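See structure below.
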Amino acid sequence: MAAEDAPAPKDPSNAAIAELLQELGDRYELDGAVVHRVLAYRNGAKAVLDAPRSVAGMTRAGTVTELPGIGKTLEEKFRALLDTGEIPALTKLREKYPAGLLTLTHLPGLGPKKARKLFDELGVDGPAALRAAIADDRVSTLAGFGTKTQEKYLKLLDAAGEDIERPQRVLLSKALPLAEALVDELRERGREAGVHRVEVAGSARRRADSVHDLDVIATADDAAALLEVFRTSELIAEVGSSGDNGAHGVLHSGLSVDLRVVAPDQFGNLLQHFTGSKAHNVAMRESAVKRGLHISEYGILDDETGKTERFATEEEVYARLGLPWIPPELRENRGELALDQAPPLIELADLRGDLHMHTTHSDGRASVRDMALAARELGHEYLCITDHSATHGFGDDVQPDELREIIAEVRAVDEELDGITVLAGSEVNIGTDGRLDYADDVLAELDWVVASIHTAFQSDPTRRIVAACEHPMVDVIAHPTGRLIGRRESYDLDVDAMIDAARRTGTFLEINASPARRDLHDTHARAARDAGVLLTIDSDAHGPDTLTNLRWGVATARRAWLAAADVANTRPWEELRRLRKGGR
DNA sequence: GCCGTTTTCGGCCCGACTGTTTTCAGTCG
1 MAAEDAPAPK
11 DPSNAAIAEL
21 LQELGDRYEL
31 DGAVVHRVLA
41 YRNGAKAVLD
51 APRSVAGMTR
61 AGTVTELPGI
71 GKTLEEKFRA
81 LLDTGEIPAL
91 TKLREKYPAG
101 LLTLTHLPGL
111 GPKKARKLFD
121 ELGVDGPAAL
131 RAAIADDRVS
141 TLAGFGTKTQ
151 EKYLKLLDAA
161 GEDIERPQRV
171 LLSKALPLAE
181 ALVDELRERG
191 REAGVHRVEV
201 AGSARRRADS
211 VHDLDVIATA
221 DDAAALLEVF
231 RTSELIAEVG
241 SSGDNGAHGV
251 LHSGLSVDLR
261 VVAPDQFGNL
271 LQHFTGSKAH
281 NVAMRESAVK
291 RGLHISEYGI
301 LDDETGKTER
311 FATEEEVYAR
321 LGLPWIPPEL
331 RENRGELALD
341 QAPPLIELAD
351 LRGDLHMHTT
361 HSDGRASVRD
371 MALAARELGH
381 EYLCITDHSA
391 THGFGDDVQP
401 DELREIIAEV
411 RAVDEELDGI
421 TVLAGSEVNI
431 GTDGRLDYAD
441 DVLAELDWVV
451 ASIHTAFQSD
461 PTRRIVAACE
471 HPMVDVIAHP
481 TGRLIGRRES
491 YDLDVDAMID
501 AARRTGTFLE
511 INASPARRDL
521 HDTHARAARD
531 AGVLLTIDSD
541 AHGPDTLTNL
551 RWGVATARRA
561 WLAAADVANT
571 RPWEELRRLR
581 KGGR
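If you read the first sequence in the UniProt record's numbering, its first letter stands for residue 1, the second for the next number, and so on.
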C-alpha cells in the first residue's frame, strides 16, 4: 500500500484535547506561570469540552478561535497536535517535571507551589519520595513547611494507599435522591428549629451528569438546632467539622455533604453562589464589576453607595444584575448571561410517551403487559416495546419469527388495555456494514424503529449511523455516541456528520435517559436542535422501575436548552406518527 | 493566554481556612 493510501491518523477527540490543555495548565502552574495564563488553559479546556463540534475539524477549517477562550496561541497548539501528534510546549514540560509531581498535587492541601518546592529543594518526584523525605524529617525543615504540614502529608499518603487519584464523581441518579432525602428530613425534623427553606445547590441542582459532593442551603430561626438535626440524621454516616452556620458530613455511600445555614435575607445570594457553576459565577461577577457591582455569597456591593445589598431570593439577585432568573440547568456560561428572558424549558410532564424499552423477550425483566401497566400508571399516553434484534448477543437476540410473535402480543395487550396505546417496535442493531439486521418487510410491520450500535465500536460508527439515518424505516438513532458516564468515552463518532444526516433524512436523535448514558449529552443535543433535528427522550427501561429514568433525560434536555416542542414525544402518538420520515 | 462600552496593552471574581508566620502565601471551592 502506498503511503498516501494509508488511513489518516484519527483526529483526537474533544475530550482528549481538553485533557491535554488541562495538563498544560497544571504543568505551567508547576512551572510558576502567572495565574491568568494557567487559567487561560483551564478555560480553554472547558471551551473544548463544551464545544458541540469537533475541535480538530474546527482547527482545520480555521474557525476554532470562534470558541470563547480559544485564541491564536491555543490554535497554534492544536495545529501542531494535528500535524505532528504532539504539542511541543507540553513535551518540554513533561521532560522538565516528572508525572509523580502532578500526582502529588492531587493530595488535598498540597498544591503546585508546595510540590515545586519539594521537588527543587528535596528532589521529591512523587508519593514514594515524599514518604521517604518525611521519614527523614526533611520536609518540616523547609521554609513555609512545618511539623503540622509534614504530619498532614503522612496521613494523606497513608489514607490514599498505593494510587492517589482525583476524587471520584457519583452519577446524578445516585446523588440527587440522597440529597432530596436529606432535604426532606431537614424540612420535617427541622420544624422545631423554625426552618424556612432548604434547597439542594451545587452541580446536583444544575442536574450535571455526575457530582463530586452535595451542597445544601437552608434558613432557620435556630441555626444551631437545624445543624443538630443534620448531625443526628441517619443519612449521615460521619460528621465532620461543624461551625455556627454550617456543617460537613459524609453519607453512607461516601458522598460528602455540606450544609450552610444563613439568615433569610441572604438566602438568595447564598443559593445562587453555591449553585454555580464556577464558570457561570465568574462570568457574572466579571460583567458586574464593569458596572461597579461586586457579587459574593453574602450580597452585592455597589461601589456608588458603598453598601452591600442582600437578597432573599435568586430572582432578586439576577434582577439586580439586569438578568432574568436563569434556570440552574443553564448556568454553565454557555450564553445564558446574554439572555433577555429565560427560554421555556421542557418539563417531565410534557412527555406523553416513551419509545424505547425492553421486556423479557430480550434482556428486560418484565412482560409487555407489565411494562404497559407501569407506563399507564406513570400517566403515559403511549409506550413502544423495542426489544433487541436478531444479532444481539448474550442469548437476548430476537429472530424475525419471534419478533412477529412479539408484535402479535403487543397488539393483543393494546387491545386489552384502556387508557394507553401500546406500540410495536424494535431496537435494531446497525451492523459493521451499516445495514440493519432485519429485512425491510419485517421492519415494515413495526410502528417504530430504533437503530443503534452495540458492537464493533471501533468500526467506523459515523458511516454506519449515517447509513442508518438514510434507511427509510429508521425513526430514531438511540444512545448515539455510546458513552457511559465516567466509564467509557464515546466511540469515535463525527457528531456533526450524524446531525447533518439526521436533519437531511428526517431521522430523530435520542436523548437516552438511562442515568449512566444521558446520550446525546447536553451540548450535542443543543447542536442537534439548532440544526433543526427533533429529539426524543426515552427511558431505555429494562423493567417497570426504570421507566422513571425519563427524569434524567429531561434533565439533559433542559441543560440543552430544549423546549417541549423540540422533543418529538411531547406530541400525541397520532401527531408523532405523521412526523416520521416520508414513505412510512 | 485571552480579550476589548478600558480595543492591541493592561487588566483579568470572591472569600474562607490553614499553617506558617510577625503580616501573609498557598490552597480550595
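For every residue, glycine included, the Cβ atom is placed at its ideal position computed from N, Cα and C.
These numbers were taken from a predicted model, which means no experiment stands behind them.
| In three-state terms, what does DSSP make of L423? | Three-state DSSP puts L423 in a strand.
| request: Quick one: residues in its chain with C-beta nearer than 7 Å to the C-beta of V124, no 5 flanking neighbours on either side, listed in chain order? | output: Once the five neighbours on either side are set aside, the close Cβ partners of V124 are L118, L130, A133.
| query | If you check the beta carbons only, do S539 and H356 fall under 8 Å apart? | reply | The answer is yes: Cβ separation under 8 Å.
| task | Determine the DSSP secondary structure at F145, reduced to helix, strand or coil. | result | In this structure, F145 counts as coil in the three-state DSSP scheme.
| field | Secondary structure of W183, DSSP reduced to three states | value | In the sequence on display, residue 183 carries Val and not Trp. Taken through DSSP and simplified to helix, strand or coil, V183 comes out as helix.
| For M58, the three-state DSSP class (helix, strand or coil) | Helix at M58.
| By a C-beta neighbour count over all protein chains shown, 10 Å radius and 16 as the cutoff for buried, is K155 buried or exposed? | Classification of K155: exposed, given that the 10 Å Cβ count is below 16.
| field | Three-state class that DSSP yields for W448 in the structure shown | value | Assigned with DSSP and collapsed to three states, W448 falls in strand.
| query | Rounded to a whole number of angstroms, what is the C-alpha to C-alpha distance between K114 and L20? | reply | One C-alpha to the other measures close to 23 Å.
| Between Y318 and the rest of its own chain, which residues show a CB-CB distance below 8 Å, the 5 nearest in sequence each way excluded? | Excluding residues within five positions, the ones whose Cβ falls inside 8 Å are Q272, P324, W325, I326.
| field | As assigned by DSSP and simplified to three states, the class of M473 | value | Coil at M473, not helix or strand.
| message | Report the CB separation of G553 from A513 in whole angstroms; it is logged as a contact under 8 Å. | response | Between A513 and G553 the Cβ distance is about 3 Å, and since that is below 8 Å, they are a contact.
| request: Classify S233 as helix, strand or coil using the three-state DSSP reduction. | output: Here S233 sits in coil by DSSP.
| request: Measuring alpha carbon to alpha carbon, tell me which of E304, M284, T305 ends up nearest I295. | output: With distances taken between Cα atoms, I295 lies closest to M284.
| Can you check whether the CB of H524 is closer than 8 Å to the CB of P52? | Inclusion of P52 and H524 in the CB contact set at 8 Å is warranted, their separation being smaller than that value.
| said: Counting beta carbon pairs with one atom in the region 175-186 and one in the region 135-142, are three or more of them shorter than 8 Å? | reply: With the cut-off at 8 Å, the region 135-142 and the region 175-186 do not touch.
| task | Mind checking which residues open and close the beta strand (DSSP E) that includes T73? | result | Element bounds for T73: not the beta strand (DSSP E) but the alpha helix (DSSP H), 72-84.
| field | Option nearest G543 by Cα separation, candidates L520, R577, R529, S362 | value | Nearest neighbour of G543 by Cα position, chosen from L520, R577, R529, S362, turns out to be S362.
| Test item: CB-CB of R291 and E309 under 8 Å | No, they are not a contact pair.
| message | Rounded to the nearest angstrom, what separates V398 and V428 at their Cα positions? | response | Spanning the two alpha carbons is a distance of roughly 10 Å.
| Identity of the residues DSSP links to Y382 by a beta bridge | DSSP lists G353, T421 as partners of Y382.
| request: Pick out whichever of A225, E66, E234, M58 has its Cα sitting closest to the Cα of R191. | output: Minimum Cα distance to R191 is reached at A225.
| query | If you count every other CB in all the chains shown that lies within 10 Å of the CB of D519, and 16 or more means buried, which is it? | reply | By the 10 Å Cβ count, D519 comes out buried.
| Got a sec, what are the start and stop residues for the beta strand (DSSP E) H294 sits in? | Element bounds for H294: 293-296.
| Smallest Cα separation from A235: which of G254, S242, D158? | In the sequence as displayed, the identity of residue 235 is Leu instead of Ala. When G254, S242, D158 are compared, the shortest CA-CA separation from L235 is found for G254.
| When the Cα of R558 is compared with those of S241, A342, A47, which residue comes out closest? | The alpha carbon of R558 has as its nearest neighbour, out of S241, A342, A47, the alpha carbon of A342.
| query | How do the region 396-412 and the region 570-580 stand: do at least 3 beta-carbon pairs fall below 8 Å, yes or no? | reply | The region 396-412 vs the region 570-580: no contact.
| Neighbourhood of L443 by C-beta, 6 Å cutoff - its chain only, sequence neighbours within 5 removed | Excluding the 5 residues flanking it on each side, L443 has same chain C-beta neighbours closer than 6 Å at V449, M473, in chain order.
| query | CB T14 to CB V64, shorter than 8 Å? | reply | The sequence shown places Asn at residue 14, not Thr. No. Outside cutoff.
| query | Any contact of the region 430-444 with the region 488-503, i.e. 3+ C-beta pairs under 8 Å? | reply | The region 430-444 is not in contact with the region 488-503.
| Mind checking whether R517 and L547 have CB atoms under 8 Å apart? | For R517 and L547, no; Cβs fall outside 8 Å.
| Nearest residue (CA-CA) to residue 645, options H380, A223, A16, E510 | Nothing can be reported for residue 645: it is not among the residues displayed for the chain, which extend from 1 to 584.
| query | In terms of alpha-carbon separation, which member of V198, D437, L171, S173 lies closest to D184? | reply | Closest by alpha carbon: V198.
| request: Count the other C-beta atoms from every protein chain shown that fall within 10 angstroms of the C-beta of S173, then say buried if there are 16 or more, exposed otherwise. | output: By the Cβ neighbour-count rule, S173 is buried, with 16 or more other Cβ atoms within 10 Å of its own.
| query | Within 7 Å: the Cβ of G379 and any heavy atom of the ligand FMN? | reply | Looking at this structure, you won't find the ligand FMN or any other ligand, since it has none at all.
| task | Give every residue of the same chain whose Cβ lies closer than 7 Å to the Cβ of G44, excluding the five residues on either side of it in the sequence, and list them in chain order. | result | L21, G69, I70, L74.
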